[in-house]
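Take any residue in the sequence shown, count from 1 to its spot, add 1353: that is its number in my numbering.
By construction, the Cβ of each residue, glycine as well, lies at the ideal position given by its N, Cα and C atoms.
A short write-up of the structure that comes next.
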Amino acid sequence: TGGAMVLTPMLVWRGVPLLTAILLGQVVQLPIAATATLGHALGGGVDWAAGAALGLMLVPGVFAGRRLAQAMPLAMTTRLVGVVLLAASGGLAFKAL
């Protein structure tokens, strides 16, 4: 979902610490993804093997990303998050045209 792309900058703008905003942006996606998966599963449109494989590949990235974000200076993390959000939103805008 694109929810974290919208929520994370809004939370930071409202004074929420960056790492907390990133965490909340990810947590918000959980019920959205679960509901979407359930809807597609009821329609028979879920490739469970592919989903499990992708999920297993994401786990190490989550732990590595958490460690990296905590180890990096906050200013560098802020810049990196800004660049990623701009690139992702630019890609979505380009795709929409």
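Exposed or buried, what is residue i when buried is set at 16 or more other beta-carbons lying within 10 Å of its beta-carbon?
i, result
"Ala1357", "buried"
"Ile1385", "exposed"
Do you know whose CA, among the options, lies nearest residue i's CA?
i, options, result
"Val1365", "Leu1427, Ala1389, Leu1450 and Ile1385", "Leu1427"
"Leu1377", "Leu1391, Pro1384 and Thr1361", "Thr1361"
"Gly1408", "Ile1375, Thr1390, Gly1398 and Arg1367", "Thr1390"
"Gln1379", "Val1415, Leu1450, Ala1449 and Val1437", "Val1415"
"Val1381", "Asp1400, Val1359 and Ala1449", "Val1359"
> What are the uninterrupted segments assigned as alpha helix (DSSP H) that are 4 or more residues long and contained completely in the segment 1384-1435, given in chain order?
Replying inline: Entirely contained in the segment 1384-1435, the alpha helix (DSSP H) runs reaching 4 residues are, in chain order, 1401-1424.
> So does the segment 1429-1437 actually touch the segment 1370-1379, counting three or more Cβ pairs closer than 8 Å?
Replying inline: When C-beta atoms of the segment 1429-1437 are compared with those of the segment 1370-1379, three or more pairs fall below 8 Å, so the two segments count as touching.
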